[in-house]
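**Q** Residue 1 is where the sequence shown starts when you use the UniProt record's numbering, and the numbers rise one by one after that.
Glycine included, every Cβ here is placed at the ideal spot set by N, Cα and C.
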Amino acid sequence: MNTQKPDAPVQPGTSPLEKFFAVIPAGGVGTRLWPLSRAAAPKFLHDLTGSGST
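1) Have a look at residue 17 and residue 26 and give me their C-alpha separation to the nearest angstrom.
2) Among the candidates 42, 19, 20, 21, whose CA atom is the shortest distance from the CA of residue 28?
3) Can you give me the C-alpha to C-alpha distance between residue 52 and residue 31, rounded to a whole angstrom?
In structure tokens:
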């Protein structure tokens with residue numbers, strides 16, 4: 001349960017959102033990533049950095 005007041009500022013290092021990054025999928029047919037990118041596996045779902053996450 002969150003005990004902070006709704007208007008209380010979030011302290012640095014305490015927000016779980018600090019570990020999230022916004023990704024905006026762009027359109028296109030994905031020819032540069034073919035055959036990795038297919039209709040069943042869109043480009044933005046591939047681990048292109050080798051970090052183990054998508």
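**A** The structure says:
1) Going from the Cα of residue 17 to the Cα of residue 26 covers about 23 Å.
2) Here the closest residue by C-alpha is 42.
3) So the alpha carbons of these two residues sit roughly 23 Å apart.
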